[in-house]
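A.B. asks:
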Amino acid sequence: SPEQQSTLFEPFITTRSKGTGLGLAIVKRIIDQHHGSIHFETHKDAGACISITLPTHHSEPTEASQAPLEIPPQSFIKPLQQKPKAD
């Protein structure tokens, strides 16, 4: 859904009853630190396709890539509301 796509890489956001909601936030941070990119496409009734691109050359670290991952001080996970599938 568009709501899920807009929060896909935010920490502590999950659609599952278990888990922390940190997985994709960490993946995105690692990719950013390596000057790469991540792209996803959803396919109705067929899942999603995620592409990760990383450069093949080494570059000097930037101030942004060395900054710590900012995770808000929260002690809860915000589940996204999913609409029931129509039969």
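Heads up: the sequence shown begins at 1263 in the numbering used here, then just goes up one per residue.
Where is the CB? At the ideal position from N, CA and C, for every residue including glycine.
Using the DSSP secondary-structure output, state which residues sit across from ALA1310 in a beta bridge.
C.D. replies: ALA1310 pairs with THR1304.
A.B. asks: Let me confirm a value: LYS1306 is counted as buried when at least 16 other C-beta atoms fall within 10 Å, else exposed. Which label applies?
C.D. replies: Under this definition LYS1306 is an exposed residue.
A.B. asks: Rounded to whole angstroms, how far is the Cβ of LEU1286 from the Cβ of PHE1271, which I believe are closer than 8 Å?
C.D. replies: 5 Å between Cβ atoms; contact.
A.B. asks: Based on Cα-Cα distance, which residue from THR1282, GLU1303, ASP1294 lies nearest to GLN1245?
C.D. replies: Since the first residue of the chain shown is 1263 and the last is 1349, residue 1245 is not available in this structure.
A.B. asks: If you draw a straight line from the alpha carbon of ALA1310 to that of ARG1291, how long is it in whole angstroms?
C.D. replies: Rounded to the nearest angstrom, the two C-alpha atoms are 20 Å apart.
A.B. asks: In whole angstroms, what is the alpha-carbon distance linking GLN1295 and PHE1274?
C.D. replies: Each residue's alpha carbon lies about 20 Å from the other.
A.B. asks: Assuming contact is defined by CB atoms lying nearer than 8 Å, are GLY1298 and THR1318 in contact in what I supplied?
C.D. replies: Not closer than 8 Å, so no.
A.B. asks: Assuming ILE1293 contacts ILE1312 (C-beta within less than 8 Å), just tell me the rounded distance between them.
C.D. replies: With 8 Å as the limit, ILE1293 and ILE1312 do not qualify as a contact, their Cβ atoms being about 11 Å apart.
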